[in-house]
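Taken in order, these protein sequences are the chains called A and B. The opening position of the first sequence corresponds to residue 7 in my numbering, with each subsequent residue numbered one higher. The opening position of the second sequence corresponds to residue -11 in my numbering, with each subsequent residue numbered one higher. Below is one structure, written out as structure tokens; comments come after it.
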Amino acid sequence: MSTSFNSSPNPNDEKRSSLDAVGHNVVKVDMDDKVTGAAKYGSDIQPDGVLHAALLRSRHVHAVIKSVDTSVAESMEGVKAVVTRDQLLGQFDDRVRYYGDVIAAVAATTPELAIKAADSIIPILESLPSVHDPKQAIRSGSPKVHDVNNPDFGQHGRHEFTVDNVEYVQNIDDYHYVHIGDVEQGFLEADFVFEHEYISPRVNPCNLDTHCTIAEWDGDTVVFTETLGAPSRSRDEIADLLGMPHDKVRVVMPPVISSSFGARSVPQLSFEPVAATLSREVGGSPIKLWFDREEEFTATDHRHQTSYNIKMGITSKGMITAAKIDLVADTGAYPNGVGHIVLSNGLSRPLEIYKIPHYEFEGVSAFTNNLIAGEFRGIGSTQLGYALESHMDEMARRADIDPIKFRLMNFVEEGYARPNTGRPIESCGLIECVERGLSTFKKIQNGPSNDPEKLRGWGMAAGTHTTGLGAVDLDSSEVKFILFPNGSLVVEVEVLDHGQGTDTVMTQIASEETGIDISNIHVQHYADTDSADAYLGSVASRSTYITGLAVQDAGRNLISTIRDLLSPLYDPGKIEDITITNNTVSFGNQSVQLSDLFDESIISIGFAESELNPPAYGAHFAEVEIDALTGHVTILCYVAAQDVGFAINPKMVEGQLEGAISQGIEFALRSEVKLDRGIPLNPNLADYSVISAWEMPQKLICEIVESNEESGPYGAKGIGTPAMPPIAPAIINAIRDATGIRFNKAPVESEHIAMALLKEGTNQ
Amino acid sequence: MNSSSSYHLPCDLTSALNLLSEHSDSAKIVAGGQSIMLLLRQGFLSSDIFIDISDISELSEISIQGGAIHVGAATTYTSLENSLEIQPYSVLLDSLHVIADPQIRNLGTIGGALGHADPSLDIVPPLLCLDANVVVQSLNATRAIPLSDFHQEYMTADLSKDELIHSITFNQPTGIHGGAYEKVANVEGGWPTVGVAAQVKLGENIDSFLDVKIALAAVGDTAIRSYSVEKSLIGSEISMDSIRESSKLVCNDIDPLDDLSGSAGYKTHLAGVLCQRALVKAINRAGGSL
């Protein structure tokens, strides 16, 4: 793999050279502990006297529990607690609704004994009719997963809604609708109208460290030690789910934060409530509940499987006149607030990338007796991006318009008012992404193959996802600096470093603002939901944007505090360019020891808030080679041109892009949790395909575009999630180019390609 | 493994055979653990006694005796891949390069694989093409069984409870020969959707087939020889047409199922494609041209 940075003249070169710590490739500050194995994650914690939990899970997809015989488990020596579903804290009735739903749980002195005891429990279940197709589920006559629409399980984002569609009557998790202009009029104005459906896969992030919590009671307060990406929001959700006051739940972070990709952004139904109940049963002692890989696949969240139907009209020149988008998302058996995000992002994203004069969107997230869906990198935007960019590509090809020119003439630009909210687009590097990306791609592209068994083609896709949550809810962040006389600085932040590098970014910003050397700065997470209101944490690509701003503010406040300390001692007119080096403050041509200014420590607080959520954009280009006989796809070249506003750490931006590309390839070609009437067929890493370096593009270049987002720190906006949406469609559009066939169900497996080519006679 | 299991790591073959004889009803042989650990974790298997044979040096030896190669059962894929003795056997080397990933090849052993008898193992078709024999041993007896008979049905090997696999042997090919293994998997290092091994022996003028062996993975209860393809090619002149036509006959010998790795229809299609490719590669390696 090769990477180029600043391959063409960049207006930010001057800005970058004026910065010391920010804008440069600082090595990740947490790297040594992680690569040597010294890092202590949640699952490494083993409190004295901890008991281990195991669950008996349903193997029915929908059933009523008639009885549960726990007598054998209870008689086992070393088993300390056995609870059945009806005894669990929270909203558990006598019905199981998916494969993996909890029936009973035990706590025992060893994990092996807990599993043995759970296995000894005999449940008698009576099967109920089940529903697995979300489109059927919402229509009358299908089995009901929940008796009411929009049930309250304490999920965030839950809101009242009215369903305008008379056919959608039941099993409704959430519903979003908008109509701007007059879509039917828009289609009349079109010279060409094209409609198609796109189905996205149910994918799992496959975090290496599976879910693990330690629950214990401190009086009437339950304490969970685990990684939760949005700790305070999750605390509220757990409390609401358990029916407890928010202040009676605490979430404590383990010493090192686990990876997430969204999987740890919301609590899990068969996780925290189960551990809390077992701990209460044993007098509050710690209970460790650590999912094995199969539980990770069956009892934690997947990316929502979505079905997008897109109808679009364009003029003969290629201007979009109207778009009508219908989305049905599979929420699975229980709500967690994420269906709402899938729908709202599906509704908004098209309007943040293309000018669509007449627009209608209807989205519904439906309950089914399938596995529960939830957050995964680029919630909703990834699925929409795949559907929309597949559609744009197909539409252009059918209308005989160059797919890139077609996009360029319809892109939004800076200042364009989003028609759904009226908010202008903040910074927009879309055109530069396309131009720089295409220019680099043309240089490395292989072009057609002479071998008739090798089909080559290339494609592109654009994409967007917003930075932060300002437009939804005022987004804010508070950080605390503690400076010690020896010159070391502690930076306390609410955002968690799941591996994406926020500790390093915050260190760079703190260093930039104060002059303190990187090695003297130590980022700490607020350890506990009691010590700070870390409502949002590391979600929605908000960390660098909003917390970065707060760190910048705290740095400036620290310098200001030092100025106040120096003022009585020195001529205020000469106190300029304050910078801290080791244990010394320098200003003008003078310097003074920190210990001469204060004894123990000084504290500064930084604060930032934003009502904006600037979209970050990307344009990605892929060249594929397809084995015409086996259908196997090799990605020969890939260029990811991504507008990040300003790259605070270019190397880590590339890391984010490369990681996203691997997950995008899984989505496009290789990975899917397959269900047979709700029963998972491949809930393990032997049968579920995860890609390795072998499947990565043979040549990969990241082009970092910097559009200078005025509201962000040094011009930065998000990268983690915005990198995802263009990847799968760029690859699938390249397959279209190579084969002439539009594949509209991802992952596009080798078999699909080979058999489609056989049908067309291309590979005879 | 449960808490009452015992794990033995004998240093010599006699101790291992004694243990096996003593606990033949409940013992399981561990030879790298790359298959057995999956079965244990998924709860498909449980056992009280595990006998790990990886410390028995006699079982990790690779030697040439009287024109035949002997490979000890506890030889890892990696040591086999790196052994000088094996370098001329391109059909075997091809498969060794694509078995899972290096970490698994560093631990997984040839005896462990053959005892496991999974029809999807990449290592079996090349060994079938080489007419390999499996040497099994108990405290009282040693016997050699052709590999084609050793795998009796799905995941079932001809191995008594008191026997372990001692080694695998195969003769060095003579004359003008070449071999190749071709595989399609969803991801690199994954289980084969289909795998095809071909071994050819060519006539003096390098224009005809004196002998052909074709064997396939993942298309039946065991790895399968394709006698239809072999018969139609043996004695015939080498041509792209004959290879193409003969490869189509592979569907007469296989019985693939629809499963997660693909539909039976796709696997049948792949078997023909890979058969043709493996033959072409084998012929090229033998010095033939098409």
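We treat Cβ as the ideally placed atom computed from N, Cα and C, and that holds for glycine.
1. Tell me the DSSP bridge mates of residue 201(A)?
2. Let's see if you can read the secondary structure: which residues bound the alpha helix (DSSP H) around residue 514(A)?
3. What are the partner residues of residue 331(A), as DSSP defines its beta bridges?
4. Looking only at its own chain, which residues have a Cβ that is under 7 Å from the Cβ of residue 65(A), when we skip the five neighbours before and after it?
5. Return the residue from the list 741(A), 511(A), 236(A) and 605(A) that minimises the CA-CA distance to residue 640(A).
6. Using the three-state DSSP reduction, which class does residue 182(B) fall into: helix, strand or coil?
7. Can you tell me where the alpha helix (DSSP H) holding residue 567(A) begins and where it ends?
8. How many Å lie between residue 107(B) and residue 153(A) at the Cα?
9. Which same chain residues, not among the five before or five after residue 709(A), have their C-beta less than 6 Å away from its C-beta?
10. Compare the C-alpha of residue 619(A) against each of 706(A), 586(A) and 717(A) and name the closest.
11. What is the DSSP secondary structure of residue 2(B), reduced to helix, strand or coil?
12. Considering residue 325(A), what are the terminal residues of the beta strand (DSSP E) in which it resides?
13. Between residue 701(A) and chain B, is any beta-carbon pair separated by less than 8 Å?
14. Could you check what DSSP says for residue 133(A) in three-state terms: helix, strand or coil?
15. Taking beta-carbon pairs under 8 Å, can you tell me which members of the stretch 665 to 690 of chain A lie near chain B?
16. For a test of the three-state rule: what should DSSP assign to residue 708(A), helix, strand or coil?
17. Is the Cβ of residue 233(B) closer than 8 Å to any Cβ of chain A?
18. Take the Cβ of residue 303(A) as the centre, count every other Cβ of all protein chains shown within 10 Å, and call the residue buried at 16 or more, exposed below.
19. According to DSSP, what are the bridge partners of residue 225(B)?
20. So, with DSSP's three-state summary, where would you put residue 23(B)?
21. Using three-state DSSP, classify residue 529(A) as helix, strand or coil.
22. Shorter than 8 Å from the beta carbon of residue 19(A) to some beta carbon of chain B?
23. Can you pull the chain A residues whose beta carbon is under 7 Å from the beta carbon of residue -4(B), in chain order?
24. My parser needs the beta strand (DSSP E) runs of 3 or more residues fully inside the stretch 582 to 630 of chain A; what are they?
25. Could you check what DSSP says for residue 73(A) in three-state terms: helix, strand or coil?
26. I need the straight-line Cα distance from residue 529(A) to residue 682(A), nearest angstrom please.
27. Counting only beta-carbon separations shorter than 8 Å, does residue 202(A) have a partner in chain B?
28. Near residue 7(A), which residues of its chain fall below 7 Å by C-beta distance, leaving aside the five closest residues on each side in sequence?
29. Look at the alpha carbon of residue 424(A) and the alpha carbon of residue 353(A), and state the distance between them as a whole number of angstroms.
30. At the 8 Å Cβ level, is residue 581(A) part of the contact set with chain B, yes or no?
31. Output, in chain order, the set of chain B residues within a Cβ distance shorter than 7 Å of residue 757(A).
32. Any chance you could list the alpha helix (DSSP H) runs of at least 4 consecutive residues sitting entirely within the stretch 11 to 65 of chain A, in chain order?
33. Could one say the Cβ of residue 184(B) lies closer than 8 Å to chain A's Cβ atoms, at least one of them?
34. Is it the case that the stretch 457 to 465 of chain A contacts the stretch 620 to 634 of chain A, given that we only count it when at least three CB pairs across the two stretches are under 8 Å?
35. Quick one: what's residue 308(A) bridged to in DSSP?
36. Whole beta strand (DSSP E) runs in the stretch 446 to 498 of chain A with 3 or more residues, listed along the chain?
So, to answer that:
1. Numbered from its first residue, the first sequence carries residue 201(A) at position 195. Residue pairing by DSSP puts residue 201(A) in a beta bridge opposite 317(A).
2. Residue mapping note: residue 514(A) aligns to position 508 of the first sequence, counting from 1. Looking at the DSSP string, the run of the alpha helix (DSSP H) that includes residue 514(A) is 508 to 520.
3. Looking up residue 331(A) in the first sequence gives position 325. Answer is 316(A) and 367(A), bridged to residue 331(A).
4. For the purposes of this step, residue 65(A) is identified with residue 59 of the first sequence, where counting begins at 1. So the list reads 105, once near-sequence residues are dropped.
5. Stepping through the first sequence from its first residue, residue 640(A) is reached at position 634. The option with the nearest alpha carbon to residue 640(A) is 741(A).
6. In the second sequence, the residue the question calls residue 182(B) occupies position 194. Strand, per DSSP.
7. Against the first sequence, residue 567(A) aligns to sequence position 561. That run of the alpha helix (DSSP H) goes 554 to 572.
8. For this step, residue 107(B) is matched to residue 119 along the second sequence. For this step, residue 153(A) is matched to residue 147 along the first sequence. Rounded to whole angstroms, residue 107(B) to residue 153(A) spans 48 Å at the Cα level.
9. Stepping through the first sequence from its first residue, residue 709(A) is reached at position 703. So the list reads 442, 443, 446 and 647, once near-sequence residues are dropped.
10. Mapped onto the first sequence, residue 619(A) falls at position 613. The candidate whose alpha carbon is nearest that of residue 619(A) is 717(A).
11. Translated into positions along the second sequence, residue 2(B) becomes position 14. Here residue 2(B) sits in helix by DSSP.
12. By 1-based counting over the first sequence, the position of residue 325(A) is 319. Here residue 325(A) belongs to no beta strand (DSSP E), and DSSP marks it neither H nor E.
13. As a position in the first sequence, residue 701(A) is number 695, starting the count at 1. Yes, because at least one Cβ of chain B sits closer than 8 Å to the Cβ of residue 701(A).
14. In the first sequence, residue 133(A) corresponds to position 127, counting from 1. Strand at residue 133(A).
15. 676, 680, 687, 688 and 690
16. Taking the first residue of the first sequence as position 1, residue 708(A) is located at position 702. If DSSP states are grouped into helix, strand and coil, residue 708(A) belongs with the strands.
17. In the second sequence, residue 233(B) corresponds to position 245, counting from 1. No, residue 233(B) does not count as interfacial toward chain A.
18. Sequence index remark: in the first sequence, residue 303(A) carries index 297 (1-based). With 16 or more other Cβ atoms within 10 Å, it is buried.
19. The count along the second sequence starts at 1 and reaches residue 225(B) at position 237. Answer by DSSP bridge pairing, in chain order: 196(B).
20. Against the second sequence, residue 23(B) aligns to sequence position 35. Coil, per DSSP.
21. What you label residue 529(A) is simply residue 523 of the first sequence in a count that begins at 1. Three-state DSSP puts residue 529(A) in a strand.
22. Taking the first residue of the first sequence as position 1, residue 19(A) is located at position 13. Chain B, which has no Cβ nearer than 8 Å to the Cβ of residue 19(A), makes this no.
23. Here residue -4(B) refers to the residue found at position 8 of the second sequence. Correct list: empty, because the minimum Cβ distance to chain A is about 20 Å.
24. 585 to 587, 590 to 593, 596 to 599 and 608 to 616
25. Start at 1 with the first residue of the first sequence, and residue 73(A) comes out as number 67. Residue 73(A): strand per DSSP, three-state reduction.
26. Within the first sequence, the letter at position 523 stands for residue 529(A). Within the first sequence, the letter at position 676 stands for residue 682(A). The straight-line gap from Cα to Cα measures roughly 46 Å.
27. The residue given as residue 202(A) occupies position 196 in the first sequence. With 8 Å as the cut-off, residue 202(A) does not count as an interface residue toward chain B.
28. Here residue 7(A) corresponds to residue number 1 of the first sequence, with the count starting at 1. Bear in mind that a pLDDT of 40 at residue 7(A), under 50, signals an unreliable position, so the model cannot answer this.
29. Your numbering for residue 424(A) matches position 418 in the first sequence. Your numbering for residue 353(A) matches position 347 in the first sequence. Each residue's alpha carbon lies about 12 Å from the other.
30. Translated into the one-based positions of the first sequence, residue 581(A) becomes position 575. So, not an interface residue.
31. Numbered from its first residue, the first sequence carries residue 757(A) at position 751. Ordered by position in chain B, the residues that pass the 7 Å Cβ test against residue 757(A) are 250, 251 and 254.
32. 19 to 23 and 37 to 42
33. Against the second sequence, residue 184(B) aligns to sequence position 196. Output row for residue 184(B): interface = no.
34. yes
35. One-based indexing of the first sequence puts residue 308(A) at position 302. DSSP output for residue 308(A) lists 379(A) as bridge partner(s).
36. 460 to 472 and 481 to 489
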